[in-house]
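> Quick note, the sequences are listed as chains A and B, same order. Numbered per the working numbering, the first sequence spans residues 9 to 581. Numbered per the working numbering, the second sequence spans residues 40 to 737.
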Amino acid sequence: MKKTGAKIFKEVNVVDCGSQTDRKISMEEKAPTIPKRRQELLKWNGWGYKDSKFIVNKDEHVEFTGDRYKLSGHVMPSLREWMIKTIGISLDHRVQSQPELTAADIPAPIKNEAFLHDLRNARISHSDDSQDRLFRAHGHTLHEVFILREGRFSRIPDLVVWPTSHDEVIKVVELACKHNTVIIPFGGGTSVSNAIECPKHETRMITSLDTSQMNKILWIDEKNMTAHCEAGIIGQDLERRLDEKGFCTGHEPDSMEFSSLGGWVATRASGMKKNVYGNIEDLIIHLKMVTPRGVIEKSCQVPRMSSGPDIHHFMLGSEGTLGVVTEVTLKIRPVPTCKKYGSIVFPNFEQGVDCLREIAKQRCAPASIRLMDNEQFQFGHALKPDTSTLFSSFVDGIKKLYITKIKGFDLTKIAVATLLFEGTSDEVASQEKRVYEIAANFGGLPGGEENGERGYMLTFVIAYIRDLGFEYYVVAESFETSVPWDRVLDLCRNVKDRLHRECKDRGIQFPSFATCRVTQTYDSGACVYFYFAFNYRGLTNPVKVYEEIEASARDEILANGGSISHHHGGEYL
Amino acid sequence: MESQSRNVWIKEGDPSKLGALYKDGYEDILEERRHTSDFRWCTRSRNVQFYQYRHPRNPKQIKDSVLSSDRVQYAIEQVIQESGTTPEETENQVHSILDEMAHNLNLSSVRCLAYVLTKIIKRLYRRIYVNEEGIDTVRTLIKEYPVLLMPSHRSYTDFLVMSYLFYHYDLPLPVIAAAMDFMGMKFVGTLLRNCGAFFIRRSFGSDKLYWAVFTEYVQTQMCNGDAPVEFYVEGTRSRTSKSLSPKIGMLKASLEPYFKAHCPDIMVIPITVSYDRILEENLYTYELLGVPKPKESTSGLLKARSILSEDFGNIHICLAPPISIRTFSEGKINRHIHSLSPRYIASLTKDEEVLLKDLAFVVILTQQKHAVISPWALIASVLMQKTNGVQFEELVKDVEWLKRQASNCGAYVDWPGNESPEHVIRTRLLFHSNKLTISDEDLVELKQISPPSHVDNKTSKDTIISTAAMHVMTSLYRNQLLHVFVRIAMVTIPVNSCLQETLSINSLFEQYTFLETILSREFIFQPGKTREDFNKVLVLLQHAGGLVIDEERNIKIKQSVNKYTTFMSIMFKPFLLGYWVVCQYLLSLAGGNLDARPLARKAKQMRIETQQLILGLLSEGIIKHYEILSLDLIGNALDSLVDMGVISREKRIQDIYFVPQCAKVSRIAAKIESMTEVPATHITDFSTFIIRTVTAKL
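In C-alpha cells form, the structure reads like this:
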C-alpha cells in the first residue's frame, strides 16, 4: 500500500446522530489472549499454540498434546492406520522442519531513517527485531508454511508497528505517505490468500502495521444492539468479553481463535452460524478505514441507507490494498439460552445435498448445518479419541448395527450432516423437529449429538493436523467456493475427480485424499469446502506440484459454475 | 541337459502349425464358442463393472427421469405457450416420443439373443478378432468415466457384433442409437430394443419436444453412466466402404454434459469393424446403381436367410485408444460460459461446435487408421485397373508390391506371415469366387454379378448394369484401401499430368488444395490440416515413391513419374472422371452457353439424369469406368460443388432446387481436364446424349 499526496476524503468526525451516552456500556480494558510478542505463545512454523500439536507417541499412536482443546491429551488409536491407508504415509519416512530461523537467516531490514525518526517522535511502538518481523511475514498458505519449514523468505517486513488507536494509525499512514514507505496491515496472521506476503521486488521500506494492540471494545449500545470495537480484537476475545455482558456477535469463522475483526472485514469473512447472525457484511453497522488519502466512514450508524453505492462494500474484501480498518460497529445479539448439537446420517451424499437444499428452501436452517461427504466422515471417525466410555461405544455399536443392518446404509457411502441449533429451548426443540422431519423425507436418520459435536471440533483441529502431515511428506490445503444449488453435486464430484486425476497425471505414487463438505447454505446456493492432501515422497518440488494441482482444481470449480472463493479471499489467487 | 534348454518352454516351434487364435494383438472370440456349450455361455453369471458414480436404474426409471427432467418440463411449457395445446396433450406427446425412442435393455432378452446370435455368427463367420489391449483399456475406463463408443458403420452386423463383444467380455452392454428403419419390423424392433437399441428419427428439425426428449434421454444416460452409449458418427451404413463425412448432432448431444460440467470427463472410443466380406455387398451394389433398397421388414430378413450357407470370413474389431474430451478441449474451451444460464436451456457455443466437428473428423480418421486391410482389398485394387483380366503370376507380383506400399503408409494389412503370397492370394480369390473367374490358363477376371432377388427382371437383363455391378462390387473392396493413398494421389495426379519439366511446390500445393476441396465429400480430410497433410505426403513420397525435388523446391517431373506415382493416379482417376462428367452434365443444362441461367432442378433429379448420361456414355464406349454410375459418387460431386459455391441452392416452397453457375462449373471442368484424361466430347454432344437417353426412357 503505497501512497503519497493530499487527502481527498475529508476527515469526517462522527456526527452525533442522536446517540445518548447513558445507554452505552463502556468496557474495561483486558489483555488480549495473543500477546504482542506472538512468538511467546504461537508456533513459529505451523498453526496455533506451541503447546498443542499432533505427535506420534512412543507407542506409534497419534496423540494431541496440551490441554486447550477437548481432544488435548488424548490418543486417537485409529488415526495412524487411516493415514497409512488413505494417503499412504509410512512411519519410517519422516521429514523434520528446519531449525528455527535466526536473524542471520532473515533479510536485513531496509531502513528509512527519516520515517523511523518521525515514528519515534510520535511515540508509536515499533520494532525491527527479526522474530517480530518474521512472525508478520506470512499467512498460512501451504506455500508460506513450507518456506518456514524448508526455506528462506526473500523479502519480509522491515519494521513492525503497533499503533494503539485509530489516531495512531492515522499518524503511521501519514508518515508512510510522507516518507514513501509501504504499509501492509496485519491482524491475526491467519490469511490464506497470500495477502500479507511482501512483494519480492519492493525496494522501499515495508512496515507491517500490526493492529493487535487495538483490541478494545469501546462501548456496547444495548438499545440499538450494537458494539463498537477496535479492529485488532481477535474473535475469541470479542466473543468472550461480549459474553460476560450477555451478548454475542455470533460471528464464528473457523479461525476465530486467532483472526481479527479487521481481518474479517478485509477478507469478507463468513462465520459458521451465519444462518442466524449473517456474514460479516450483514453484521457491520459502521466502519472506519484509514486510507493514504484520509479516513473513510459513514456519518451515521443506521441499519440501512440509500444514498449512492454503499462505501462499506469496497472496504469489505479489499484485503489491505485500500487502507487499514481501525474501528467497527457490529450488531450484537443476546447470548442464546440453549445450544444443541445434532447430526443426520444420509444413505449418500446426493440425498444429503437434496435435503440441505430443501431446508434452505424452507428457510428453516439451524444456526449451522454442514454436510460432510463420506471421506470426511471416515476422517472424522479416525479422529475419535480413545476415551469414549464403555457406555458411549456401546451406544455406537447399537447405532451402527441399526444403520447398517436394519436401514441398509453402506458405511462407505453414507454422508453425515452436523447441526448446531441456537435459541430458547422451545425454539431449539421446534427447529429440531422440523429439520429432522425434512431429513426423513430424504432418507436421513438422526445420528446423535456426539457425532455433531465431533464434526465441529474437527474443523478446529484439522488446521493442526496439517503440521503432522508435513512430518510425513504430506502436503495439505483447503479451498472453498460458492456455487448455485443445481451445480453443487456435479461440482463436488468433478473437482474431487480432477484432483485425483491431476495427482495421477503428475506421477504421485500414493493415493491422494480429497474430500468436501457443504458448509453453508443460502437460498440460491451453497458454500463448498474442500480438503486436499497428497503424499509427495519422491517429488522434488511438492509446493509447485501442489499449486499446479490447486490451480487446475480452481479451473474446474469455475468451469462448474463456482466462484473463486466464498470467504477465504482471493485478491491474490 | 535337455530340460535346461529354453526350448522346453516352446510348445510349438513351427509357426505354420499354430492356430490363428491369436495374432498381432488380436484374439479370436469365436474359437471358445466352438468348443464349449453355447447354452451355458448364455446363462452364465456375468461379473460386470460399471461407472463409479452410477446409480443403478432400469429402463423404466430412465424414462421417468427424462419425463421429470427440467429440460423436458421446460420444453413442455414452451410448447403449451406457443402452440396452445393442453398440458395433457403435450405430456402425451412426450410420452409417445419417449416410447418410440427408448430402449428396454434387459439381460434376459440379451441372453436369448446371444444364444441365437452365436449360432448364426458361427455359421457366417470364421473368426471374430478383437484387439485385447483395447478391451483392457475399456475395462478400466468404464469404471472411471462415461464412455462413448463410436464404431465405423459398414453393415447391419456392426450393431450385433459390438453387443456380442461386450457380452463376451463381461462389459456393460451398450445402448445404441439406431435409425428408425428397424423400428417397423415386427419382433425385430422389440428384440433390438430389448438388447439396448434406442431409435432416433433421422431428422426432427425444430420439433422442440423431440429435441428436448432426445437430448435428455441421451444425456441422462451419459451422465449416470447407465451403460456405454454407442452411435455411428457416419450417421448411416457406408454403402461404399469409404468413410462418410461425420454427422455431429448425436456427438453434440452426448458430449454436451462435459461442457456443462455434468460429468468430470467423457471418453470417446473410436472403433473400427473391418470385414473380409460384407454381408450386404450385393444389396449395396444395386443400391449404388439406383435400385432401391428393400424396406427393412421381418419377412425380408427371413428371405435373406439363404446367406446363412455362405462364408463371410473374418471380422476384425479394433478399439482405438480412447480420446478424453477433457484433454481434447484443454486450452481451447472455457466451460464457465455455461454458468450464466440454466444448463437445460442454453445450447453449445460456436467454439464448442467447431471443436466437436474437429473431434468427429479425428474419430473417423482414427477409425481409418485402425482399419484392417484384407488381402482381397489389395487384389481388388489391382483388378480394378486390369478390367480385361490378369495373369495370376502378375497379380501376385502387383499385390505384393501394393501390400508393401500400404504398409509403408502405416496401414495394417491382414497378411498371414507364415503363408506364401501365392497361397494367400489364391485362397482369397477362391473365397471371393462369387465375383471372379479363374480360367484354366490362370487368368483372373471379374465376372458379372447377378442382382438380388427384389430387382425386377428388366433391369437384371441389362448387361451394362451387370457389368457396372461387377465393377461397383469390386470397388467396394478397393475402397477399403483408398483412405491410405488418397493424399498421395492428390500429389501424384498433378505431377503425372504436368506438361512442364518442373513443377513448383507452391503450384503443386495449389492443385493439391483444389483436389482436397473438390473431393472433400468423397474422402475424409480434417479441416484446417491441408498444409500439414501435404507436407507429410511430400516427405513420404520422397522416401517411398520416388518423388524428386530439386534444391529450388521444384518437383522434377521426368524423374518423378514412375510405376508408383502412376498406379496411385490411376487408382483415383474414376473419381475425377466422374466429377468431370457431372460438370459436363451441369453445363449441358444451359446448352453450353456459359452466360445462360440453366433450369433449376432438384438434387435427386440431377443425380438420376447424370446417371442416365453416364449410361449413355458407357453404351457408346466413350468412357469405360463403369463405377462412375454409382449414385453415391454423383451425389458427392453435386454436394461438393454446392459446398464450393458452384451450385447454388434455392428453396422453393418445400423443396431445395440446385442451380449451377455455368462459368464456375466450366472452370472446375477445365481444371479437372488439366489433371486427367477425359473423352474429347463436346458439351453439345452431351446435350444430345441427354435428350437421347430421356427419350429412350420414354
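By construction, the Cβ of each residue, glycine as well, lies at the ideal position given by its N, Cα and C atoms. This structure is a prediction, so every number in the text was calculated from the model and none was measured.
Is B/A251 near the ligand HEM, with its Cβ less than 6 Å from a heavy atom?
Among the components modelled here there is no ligand, and therefore nothing to report on the ligand HEM.
> Taking 7 Å as the CB-CB limit, is A/G569 close to chain B?
Translated into positions along the first sequence, residue 569 of chain A becomes position 561. Taking Cβ atoms only, chain B reaches closer than 7 Å to A/G569, which makes this a yes.
> Rounding to the nearest angstrom, what Cα-Cα distance links B/E591 and B/I527 in this structure?
Taking the first residue of the second sequence as 1, we reach residue 591 of chain B at position 552. Taking the first residue of the second sequence as 1, we reach residue 527 of chain B at position 488. Cα-Cα distance, rounded: 22 Å.
> What separation, rounded to the nearest whole angstrom, lies between the Cα atoms of A/S34 and A/V303?
The residue you call residue 34 of chain A lines up with position 26 of the first sequence. The residue you call residue 303 of chain A lines up with position 295 of the first sequence. If you take the alpha carbons of A/S34 and A/V303, they lie about 24 Å apart.
> Counting only Cβ pairs nearer than 9 Å, list the residues of chain B close to A/R501.
The residue given as residue 501 of chain A occupies position 493 in the first sequence. Neighbours of A/R501 on chain B, chain order: Y92, C302, P303.
> B/M133 and B/L106 look like a contact to me (Cβ under 8 Å); what is the Cβ gap, rounded to whole Å?
Residue 133 of chain B sits at position 94 when you count from the first residue of the second sequence. Residue 106 of chain B sits at position 67 when you count from the first residue of the second sequence. According to the sequence displayed, residue 133 of chain B carries Val and not Met. With a Cβ gap of about 7 Å, B/V133 and B/L106 count as contacting.
> Interface residues of chain B around A/D505 at Cβ under 8 Å?
If you number the first sequence from 1, residue 505 of chain A lands on position 497. Neighbours of A/D505 on chain B, chain order: P303, D304.
> Answer with yes or no whether the minimum CB distance from A/D498 to chain B is below 7 Å.
As a working note, residue 498 of chain A is residue 490 in the first sequence. Cβ-Cβ to chain B under 7 Å: yes for A/D498.
> Please report how far the alpha carbon of A/K32 lies from the alpha carbon of A/S315, in whole angstroms.
Within the first sequence, the letter at position 24 stands for residue 32 of chain A. Within the first sequence, the letter at position 307 stands for residue 315 of chain A. Between A/K32 and A/S315, the C-alpha separation is close to 28 Å.
> Could you tell me the boundaries of the beta strand (DSSP E) in which B/W415 lies?
Against the second sequence, residue 415 of chain B aligns to sequence position 376. No beta strand (DSSP E) holds B/W415; the alpha helix (DSSP H) holding it covers 414-424.
> Please classify A/L164 as buried or exposed, where buried requires at least 16 neighbouring CB atoms within 10 angstroms.
Reading the first sequence from its first residue, position 156 is the one you call residue 164 of chain A. At residue 164 of chain A the sequence reads Ile, which differs from the Leu that was named. With 16 or more Cβ atoms within 10 Å of its Cβ, A/I164 is classed as buried.
> Quick check on the DSSP output: the alpha helix (DSSP H) that includes A/Q384 runs from which residue to which?
Numbered from its first residue, the first sequence carries residue 384 of chain A at position 376. 382-390 is the span of the alpha helix (DSSP H), which, as asked, contains A/Q384.
> Between the alpha carbons of B/K643 and B/I686, how many angstroms are there, rounded?
Stepping through the second sequence from its first residue, residue 643 of chain B is reached at position 604. Stepping through the second sequence from its first residue, residue 686 of chain B is reached at position 647. Computed Cα separation, rounded: 14 Å.
> Between which residues of its own chain and A/S173 is the CB-CB distance below 7 Å, once the five residues before and five after are set aside?
Along the first sequence, one-based indexing puts residue 173 of chain A at 165. Excluding sequence neighbours, A/S173 sits near M222.
> Just checking, does the segment 585-601 of chain B make contact with the segment 529-549 of chain B on the three C-beta pairs under 8 Å criterion?
Counting Cβ pairs under 8 Å, three or more are found: they touch.
> Cα separation between B/Y168 and B/E320?
Taking the second sequence and counting its residues from 1, the one referred to as residue 168 of chain B is at position 129. Taking the second sequence and counting its residues from 1, the one referred to as residue 320 of chain B is at position 281. Approximately 21 Å, taken between the alpha carbons.
> Can you say whether B/N97 is buried or exposed, counting buried as having 16 or more other CB atoms within 10 angstroms of its CB?
Position 58 of the second sequence, counting from 1, holds the residue named residue 97 of chain B. Looking at its Cβ environment, which holds fewer than 16 other Cβ atoms inside 10 Å, B/N97 is exposed.
> Opposite A/A111 in the DSSP bridges: which residues?
As a working mapping, residue 111 of chain A is identified with position 103 in the first sequence. According to DSSP, which records beta bridges pairwise, A/A111 is partnered with nothing at all.
> Is the CB-CB distance between B/M306 and B/S363 below 7 Å?
Working through the second sequence from its first residue, we reach residue 306 of chain B at position 267. Working through the second sequence from its first residue, we reach residue 363 of chain B at position 324. Yes, these two residues count as a Cβ contact at 7 Å.
> What residue from B/P699, B/I115, B/L677, B/R85 has the CA that sits closest to B/I384's CA?
Translated into positions along the second sequence, residue 384 of chain B becomes position 345. Considering only alpha carbons, the answer is B/I115.
> So which of B/I412, B/C302, B/L318, B/Q91 has the shortest CA-CA distance to B/R278?
As a working note, residue 278 of chain B is residue 239 in the second sequence. Taking only the C-alpha atoms, the option nearest B/R278 is B/L318.
> How close, in whole Å, do the beta carbons of B/A508 and B/I477 come, if the pair is a contact with beta carbons under 8 Å?
In the second sequence, counting from the first residue as 1, residue 508 of chain B sits at position 469. In the second sequence, counting from the first residue as 1, residue 477 of chain B sits at position 438. Actually they are not in contact, since the Cβ atoms of B/A508 and B/I477 sit about 20 Å apart, beyond 8 Å.
> Leaving out the 5 sequence neighbours to the left and right, which residues in its chain are closer than 7 Å to B/R162 when beta-carbon positions are compared?
Counting from one through the second sequence, the residue named residue 162 of chain B turns up at place 123. Excluding residues within five positions, the ones whose Cβ falls inside 7 Å are L347.
> Does the contact criterion of 3 or more C-beta pairs under 8 Å hold for the segment 377-386 of chain A versus the segment 60-76 of chain A?
Short answer: they don't touch.
> Let me make sure I understand the geometry here. Which of B/N457, B/S84, B/E484, B/P455 has the alpha-carbon closest to that of B/L469?
Looking up residue 469 of chain B in the second sequence gives position 430. Ranking B/N457, B/S84, B/E484, B/P455 by Cα distance to B/L469 puts B/E484 first.
> By a C-beta neighbour count over all protein chains shown, 10 Å radius and 16 as the cutoff for buried, is A/W493 buried or exposed?
Against the first sequence, residue 493 of chain A aligns to sequence position 485. Classification of A/W493: buried, given that the 10 Å Cβ count is 16 or more.
> Between which two residues does the beta strand (DSSP E) carrying B/A236 extend?
For the purposes of this step, residue 236 of chain B is identified with residue 197 of the second sequence, where counting begins at 1. From DSSP, the beta strand (DSSP E) with B/A236 extends over 236-239.
> Applying the criterion that 16 or more other CB atoms from any shown protein chain within 10 Å of the CB defines a buried residue, is A/H151 buried or exposed?
By one-based count along the first sequence, residue 151 of chain A stands at place 143. Flag for A/H151 reads buried.
> Is there contact here, the segment 512-522 of chain B with the segment 628-641 of chain B, by at least three beta-carbon pairs under 8 Å?
Judged by Cβ distances under 8 Å, the segment 512-522 of chain B makes no contact with the segment 628-641 of chain B, as fewer than three pairs qualify.
> If I measure Cβ to Cβ from B/G64 and keep anything under 8 Å in the same chain, skipping five residues before and after, which residues do I get?
Position 25 of the second sequence, counted from the first residue, corresponds to residue 64 of chain B. For B/G64, where only same-chain residues beyond five positions count, the Cβ hits under 8 Å are N170, E171, E172.
> Given a cut-off of 7 Å on the beta-carbon distance, is the pair B/V452 and B/I412 in contact?
Here residue 452 of chain B is taken as the residue at index 413 of the second sequence, counted from 1. Here residue 412 of chain B is taken as the residue at index 373 of the second sequence, counted from 1. In this structure, B/I412 lies closer than 7 Å to B/V452 by Cβ.
> Please go through the same chain and pick out, in chain order, the residues whose beta-carbon is closer than 7 Å to the beta-carbon of B/A410, but skip the five residues on each side of it.
Here residue 410 of chain B corresponds to residue number 371 of the second sequence, with the count starting at 1. Same-chain partners within the cutoff: T311, S313, Q519.
> Would B/S104 count as contacting chain A if we go by Cβ distances under 7 Å?
Position 65 of the second sequence, counted from the start, is the residue given in the question as residue 104 of chain B. By this cut-off, B/S104 is not an interface position.
> If we ignore side chains and look at the alpha-carbon of each, how far apart do A/K413 and A/P355 end up?
Position 405 of the first sequence, counting from 1, holds the residue named residue 413 of chain A. Position 347 of the first sequence, counting from 1, holds the residue named residue 355 of chain A. Going by the C-alpha atoms only, they are around 13 Å apart.
> Cβ atoms of B/D694 and B/R560: under 7 Å apart, would you say?
On the second sequence, position 521 is the one that residue 560 of chain B refers to. On the second sequence, position 655 is the one that residue 694 of chain B refers to. Cβ atoms of B/R560 and B/D694: not closer than 7 Å.
> Taking only runs of the beta strand (DSSP E) that begin and end inside the segment 561-585 of chain B, which ones reach a length of at least 3 residues, in chain order?
Entirely contained in the segment 561-585 of chain B, not one beta strand (DSSP E) run reaches 3 residues.
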